[in-house]
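J.: What follows is a structure written as structure tokens; I'll ask about it next.
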Amino acid sequence: MQFTTHQEELEYLEKLGFPTNPLNKKVSNLEQAWEYAKEIEIQKESLPYPIDGLVIKVNSNEILEKTGVVGKTNRAWSAVKFKADEVSTKLLGVTWQVGRTGRVTPVAELEAVELAGTTVKRATLHNFKEFTELELHHGDFLIIRKAGEIIPEVVQKVLSQDNQEKFVAPTQCPVCGSFLGKSATEIDLICTNQIDCKAQVVGRLSYFSKRHIANIKGLSEKQLEKFYHEFGVKDVTDLYDLPYEKILELEGYKSKSVENLKTSIEEARSIPAHKFLAGLSIEGVGPEVAKLIVKEVFKDT
12 MQFTTHQEEL EYLEKLGFPT NPLNKKVSNL EQAWEYAKEI EIQKESLPYP
62 IDGLVIKVNS NEILEKTGVV GKTNRAWSAV KFKADEVSTK LLGVTWQVGR
112 TGRVTPVAEL EAVELAGTTV KRATLHNFKE FTELELHHGD FLIIRKAGEI
162 IPEVVQKVLS QDNQEKFVAP TQCPVCGSFL GKSATEIDLI CTNQIDCKAQ
212 VVGRLSYFSK RHIANIKGLS EKQLEKFYHE FGVKDVTDLY DLPYEKILEL
262 EGYKSKSVEN LKTSIEEARS IPAHKFLAGL SIEGVGPEVA KLIVKEVFKD
312 T
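Encoded structure:
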């Protein structure tokens, strides 16, 4: 069926018996959209489900088609985010996590506090630069919120206990013990051991296995850690040459699960070039950038 507007689509779905949101509303301009967003923000606490904002959509399907898509998002749609709830709590410690690209991120360990419907004990401190500028001590009081109503993050320090132990950044990787350097911008600490740092290796393999890249089913980070230790799996190419007979000998693996894993990996041999490139975890090369690179490289073929 062909529909001229998004509103027609919603009305048809409702006619068929599908649930649609009664708060959907058609407005004539951006000013009216903004006013309605403010109304919804006032109502959000009384809704039977949590929301962190709303989406403004161009009603015309013709415009929607012409403007196209970036990633999974239509250019004719735009999210309006509400101000996140904020609470204060005490800082108990700082731990450092190593990501797939080697970036080492500080995480605040907190006195448990209720925030946006959940109990929060940890919150990201974003990066080395922000951690340094905050000059954190044991017992400091911090303001935290949930970024996008999902990820707890530290907003600021409100009360300093400068007579207590001051937290300092590590000079060695907390996972592999290698030297930590600074990024070109000096915003992040970077583990220089790309080849043998378990956190980086497992992180890269896990990212490559995700649904939007190679879509390899049955490969959790715990399983990848086991393959790293047992079989020396360190690179994307190693995933395509797993010793399935030896995997069968590991605790928790049955012939059916190993066969399913083998099938999923075989299917992942024919993924699009841009997904393979994005899955290599090259700094700054996500799926959209990878598409542009592949398009440029093969434009004359």
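Offset between the sequence shown (1-based) and our numbering: plus 11. Ideal placement from N, C-alpha and C gives every residue a C-beta, glycine not left out.
(1) Based on the DSSP secondary-structure assignment, which residues constitute the bridge partners of residue 98?
(2) Do residue 168 and residue 145 have their C-beta atoms closer together than 7 Å?
(3) Given this structure, state the Cα-to-Cα distance separating residue 66 from residue 91, to the nearest angstrom.
(4) Once DSSP output is grouped into helix, strand and coil, what is the label at residue 214?
(5) How would you call residue 114, buried or exposed, if buried means at least 16 neighbouring beta carbons within 10 angstroms?
(6) Check the C-beta distance from residue 68 over to residue 17 and give it rounded, since I have them as a contact under 8 Å.
(7) Could you compute how far the alpha carbon of residue 180 sits from the alpha carbon of residue 37?
(8) Is the beta carbon of residue 118 sitting closer than 7 Å to the one on residue 106?
(9) Would you list the residues sitting across from residue 168 in a DSSP beta bridge?
(10) In terms of residue numbering, what span does the beta strand (DSSP E) encompassing residue 201 cover?
(11) From 26, 103 and 109, pick the residue whose C-alpha is nearest to that of residue 131; which is it?
(12) List the DSSP bridge partners of residue 148.
(13) Would you be able to state if there are at least three C-beta pairs under 8 Å between the stretch 198-213 and the stretch 250-270?
(14) Using DSSP with H/G/I as helix, E/B as strand and the rest coil, what is residue 57?
(15) Look up residue 221 in the DSSP assignment and give the residues it is bridged to.
(16) For residue 39, which of helix, strand or coil comes out of DSSP?
(17) Measuring alpha carbon to alpha carbon, tell me which residue in 254, 249, 94 and 276 is nearest residue 228.
(18) In terms of residue numbering, what span does the alpha helix (DSSP H) encompassing residue 310 cover?
(19) For the stretch 214-222 against the stretch 181-188, are there 3 or more C-beta pairs whose distance is under 8 Å?
(20) Quick check for students: name the residue ranges of the beta strand (DSSP E) that lie wholly in the stretch 96-139, counting only runs of 3 or more.
(21) Are there three or more Cβ pairs, one per stretch, closer than 8 Å when the stretch 70-83 is compared with the stretch 92-102?
T.: Here's the rundown:
(1) In the sequence shown, residue 98 corresponds to position 87, counting from 1. 155.
(2) Reading the sequence shown from its first residue, position 157 is the one you call residue 168. Reading the sequence shown from its first residue, position 134 is the one you call residue 145. In terms of Cβ geometry, residue 168 and residue 145 form a close pair [threshold 7 Å].
(3) Here the question's residue 66 lines up with position 55 in the sequence shown. Here the question's residue 91 lines up with position 80 in the sequence shown. Approximately 6 Å between the Cα atoms of the pair.
(4) By one-based count along the sequence shown, residue 214 stands at place 203. Note: residue 214 maps to helix in three-state DSSP.
(5) As a working mapping, residue 114 is identified with position 103 in the sequence shown. Buried, since its Cβ has 16 or more Cβ neighbours within 10 Å.
(6) Position 57 of the sequence shown, counted from the start, is the residue given in the question as residue 68. Position 6 of the sequence shown, counted from the start, is the residue given in the question as residue 17. Going by Cβ atoms, the distance from residue 68 to residue 17 rounds to 6 Å, so yes, they are a contact pair.
(7) For the purposes of this step, residue 180 is taken as residue 169 along the sequence shown, with counting starting at 1. For the purposes of this step, residue 37 is taken as residue 26 along the sequence shown, with counting starting at 1. Between the alpha carbons of residue 180 and residue 37 lies a distance of about 51 Å.
(8) As a first step, residue 118 is located in the sequence shown; it is residue number 107 there, counting from the start. As a first step, residue 106 is located in the sequence shown; it is residue number 95 there, counting from the start. Cβ atoms of residue 118 and residue 106: closer than 7 Å.
(9) The sequence position of residue 168 within the sequence shown is 157, counting from 1. Residue 168 is bridged by DSSP to 153.
(10) Your numbering for residue 201 matches position 190 in the sequence shown. 200-202 is the extent of the beta strand (DSSP E) around residue 201.
(11) Working through the sequence shown from its first residue, we reach residue 131 at position 120. When each option's Cα is compared against that of residue 131, the closest is 103.
(12) By 1-based counting over the sequence shown, the position of residue 148 is 137. DSSP output for residue 148 lists 177 as bridge partner(s).
(13) The stretch 250-270 vs the stretch 198-213: no contact.
(14) Taking the sequence shown and counting its residues from 1, the one referred to as residue 57 is at position 46. The answer is helix: DSSP assigns residue 57 an H, G or I state.
(15) For the purposes of this step, residue 221 is taken as the residue at position 210 of the sequence shown. Its beta-bridge partners do not exist; DSSP assigns none.
(16) As a first step, residue 39 must be located in the sequence shown, where it is residue number 28. Under the three-state reduction of DSSP output, residue 39 falls in the coil class, being neither helix nor strand.
(17) Reading the sequence shown from its first residue, position 217 is the one you call residue 228. For residue 228, the closest C-alpha among the options 254, 249, 94 and 276 is that of 276.
(18) Here residue 310 refers to the residue found at position 299 when the sequence shown is read from its first residue. Here residue 310 belongs to no alpha helix (DSSP H), and DSSP marks it neither H nor E.
(19) The stretch 214-222, when compared against the stretch 181-188, does not touch it at the 8 Å Cβ threshold.
(20) Runs of the beta strand (DSSP E) inside the stretch 96-139: 97-109, 114-126 and 129-135.
(21) Cβ pair count under 8 Å is below three, so no.
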